[in-house]
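Novice:
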Amino acid sequence: MKFHILIILVLGGLLSEAQAQLASLTTDPPRSKKRYEYQLKRLDKRINSPFHEGAPLISTDGSVLYFFVADHPDNKFGTKGSQDIWYTERTSNGKWREAVHMPAPLNQNRYNQVMSIINEGNTLLIRGKGNKLSEGFSIVHRNFNDWSNPVPLRIKDYDNMRKGVYSGGVLNQQGDVLLLYFNELKDQKISDLYVSFKQKEGSWSKPAFIRALNTSHDEFGPNLDPDGSTLYFASTRPGGQGSSDIYVSKRLDDTWLKWSEPINLGPPVNTSGFDAYYSVDDKGNVFTTRAYMSPDGGSLDILSLIPVEKPKPKLAIWGYVYDRETEETVTATVKYEIHQIAADEVVSDNIDGFYEVIITGDGTYQILTTAEGYMNTSDELVVPAVESDTIIQKDLYLDRIEIGTTVRLNNIFFDFDKTTLRPESIMELNTLVEFLKSNPSVKAQISGHTDSKGSDRYNVNLSEGRAASVRFYLLEHWVDQDRVISKGYGESVPVTTNETDEGRQLNRRVEFTILEI
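If you're matching positions, the sequence shown starts at 84 in the numbering used here and goes up one per residue.
#1: Does the beta-carbon of F227 have 16 or more other beta-carbons within 10 angstroms, so that it is buried, or is it exposed?
#2: If you scan the stretch 510–595 from start to end, which runs of the beta strand (DSSP E) of 3 or more residues do you find wholly inside it?
#3: Just to confirm my understanding: we take V278, look at its own chain, exclude 5 residues before and 5 after, and list those with CB closer than 8 Å. What are they?
#4: Residues in the same chain with beta-carbon distance under 6 Å from S250, minus the five sequence neighbours each way, listed in chain order, please.
#5: Would you give the residue range spanned by the alpha helix (DSSP H) that N433 belongs to?
#6: Could you tell me if E594 is buried or exposed, where buried requires 16 or more neighbouring beta carbons within 10 angstroms of its beta carbon?
#7: How close, in whole Å, do the beta carbons of Y360 and N347 come, if the pair is a contact with beta carbons under 8 Å?
#8: In terms of DSSP beta bridges, what is L64 paired with?
#9: Output the boundary residues of the alpha helix (DSSP H) element that contains Y241.
#10: What does the alpha-carbon distance come out to for the pair G402 and S362?
#11: Would you mind sorting I529 into buried or exposed? The rule is 16 or more other CB atoms within 10 Å of its CB.
#12: Quick check: K526 and R566, are their CB atoms within less than 7 Å of each other?
#13: Could you check whether T452 and V417 sit closer than 7 Å to each other, using their CB atoms as the reference points?
#14: A153 lies in the beta strand (DSSP E); which residues open and close that run?
#15: Considering Cα atoms alone, identify which of P577, K128, I442 and F303 is closest to I273.
#16: Report buried or exposed for N158, applying the criterion of at least 16 other Cβ atoms within 10 angstroms of its Cβ.
#17: Quick one: what does DSSP say T354 is sitting in, helix, strand or coil?
#18: Given that a residue counts as buried once 16 or more other Cβ atoms are within 10 Å of its Cβ, and exposed if not, what is P233?
#19: Beta carbon of D435, beta carbon of T409: below 7 Å?
#20: Note down the Cα distance separating S99 from F280, rounded to an integer number of angstroms.
#21: Would L512 and Y556 qualify as a contact pair, given that the criterion is a beta-carbon distance under 7 Å?
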């Protein structure tokens, strides 16, 4: 057991550089992708006391917080050398209730602590096996509003192996894997991490040394994410912020002996002091223990670090609209859309053709540009995720309505190897409908083209089917059938080489050609 002068901090939705590095080791997303600033808040006297609180442990749903209070007069062994479990519950409005001392059959040892919460909060792993020295571990189960008598864990050779000063552990959510920390050398004050497995008859295997996580320094205070693959623990290894820092590692296999290189969580979790005992709920709210000494050596309080979400960075896209042939600027309507939802719509300047749209986030945007006397034009723009205000330039080009003018329909998409139009084609298709209705004298051809993969006959059939699907959509939307024809050219009219993936992608296309005005 480690006893220090302690303070509890609460952090919400933390996403540090270390967590981002950890996320790269797995396909699982980080628990929270939001960016926050933090506001430090002192919790009221319902939680804080004139005594020392430490080793917080939050339930998965964030509704109950367990911690120990040292030398409180209500502790079983009173004000001299005692450590009892207390808890608080969160109300429906997010406030914490007044902390409560846990009654018997808990808090029967001199040094007590909740080390794991599993089974939806109905099972606890606690310190001690009913002796005053508080060695070993026990399980308790909730019976309605009461708790069962502690049932000691029988861990093979643990009592003989554990000779150091401090010890502790954590269970996975299934309750069949136990991560421990202790030292096999007598009176040593530093610890190493071990793993033990529950056996069929209910006992536990001999603890195995986890070489991938241990150093010659102190490793202690392990805590597992509910997924069972993400481990947080404290260590005094070199390279930390202070005397003890919190690290995170990812389990690599089911032996529980192979782990990724531990990563220091960095500030604000770690400071120049003592940081340990990291616990997180399913909303990303983090509780951890921090050493702190008030100037007068007095009492310590529980503080909360409240997340305040940063405003999203401003993303501006601007550019000029040009006549493709003359390169003169054009007054046009520019519409941006993402996931078939309009993002912004503006009219370019009637003098210099300048436009600017404001969008809210990253993704692939479809751009529709329309102007009187010009073909409606569609483009695509991939916008990356950004951390600060960003401007992206995108110039747009329009073709005049003239016989023989051909435009590529960039945002027409089909299911693979089929003629079925995909939903993300709707914006482009509706653009064609609007153009033909606004220009009732125009007659046009829809042309389908493929790359060179597949036989000639197959490619002709595929291109004809895709062109016909576009024509059929127009007819469904009240465009006269004698105004639009469709034709498939297969691979016979490439615009570039078919020897590369990029070239083949450019050759797979649908085009719109004006036949009559």
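Even for Gly, the Cβ is constructed at its ideal location relative to N, Cα and C.
Specialist: On the basis of the data shown:
#1: Walking along the sequence shown from the start, residue 227 turns up at place 144. Its Cβ having fewer than 16 others within 10 Å, F227 is exposed.
#2: 526–532 and 567–571
#3: Stepping through the sequence shown from its first residue, residue 278 is reached at position 195. The answer, listed in chain order, is V260, L261, L262, L263, P290, A291, I293, W339 and L340.
#4: Here the question's residue 250 lines up with position 167 in the sequence shown. The beta carbon of S250 sits closer than 6 Å to the beta carbons of F265 from its chain, once the five residues preceding and following it are set aside; these are given in chain order.
#5: One-based indexing of the sequence shown puts residue 433 at position 350. No alpha helix (DSSP H) contains N433, which DSSP labels as neither H nor E.
#6: Indexing the sequence shown from 1 puts residue 594 at position 511. Buried.
#7: Here the question's residue 360 lines up with position 277 in the sequence shown. Here the question's residue 347 lines up with position 264 in the sequence shown. Incorrect: roughly 16 Å between the Cβ atoms, too far for contact.
#8: Coverage of the chain is limited to positions 84 through 600, which leaves residue 64 absent and any answer about it impossible.
#9: The sequence position of residue 241 within the sequence shown is 158, counting from 1. Counting along the chain, the alpha helix (DSSP H) containing Y241 begins and ends at Y241 to M244.
#10: Numbered from its first residue, the sequence shown carries residue 402 at position 319. Numbered from its first residue, the sequence shown carries residue 362 at position 279. Going from the Cα of G402 to the Cα of S362 covers about 49 Å.
#11: Counted from its first residue, the sequence shown places residue 529 at position 446. Label assigned to I529: buried.
#12: Here the question's residue 526 lines up with position 443 in the sequence shown. Here the question's residue 566 lines up with position 483 in the sequence shown. Closer than 7 Å, so yes.
#13: Here residue 417 refers to the residue found at position 334 of the sequence shown. Here residue 452 refers to the residue found at position 369 of the sequence shown. Yes. Within cutoff.
#14: For this step, residue 153 is matched to residue 70 along the sequence shown. Counting along the chain, the beta strand (DSSP E) containing A153 begins and ends at V147 to A153.
#15: The sequence position of residue 273 within the sequence shown is 190, counting from 1. I273 has its Cα closest to that of F303, out of P577, K128, I442 and F303.
#16: Locating residue 158 in the sequence shown gives position 75, where the first residue counts as 1. With 16 or more other Cβ atoms within 10 Å, it is buried.
#17: Reading the sequence shown from its first residue, position 271 is the one you call residue 354. Residue state, collapsed to three classes: coil.
#18: On the sequence shown, residue 233 is found 150 positions in, with the first residue counted as 1. That one is buried.
#19: What you label residue 435 is simply residue 352 of the sequence shown in a count that begins at 1. What you label residue 409 is simply residue 326 of the sequence shown in a count that begins at 1. Contact: no.
#20: Here residue 99 corresponds to residue number 16 of the sequence shown, with the count starting at 1. Here residue 280 corresponds to residue number 197 of the sequence shown, with the count starting at 1. Confidence at S99 is low in this model, with a pLDDT of 39, below 50, so its placement is unreliable and no value can be given for it.
#21: The sequence position of residue 512 within the sequence shown is 429, counting from 1. The sequence position of residue 556 within the sequence shown is 473, counting from 1. Going by C-beta atoms, L512 is nearer than 7 Å to Y556.
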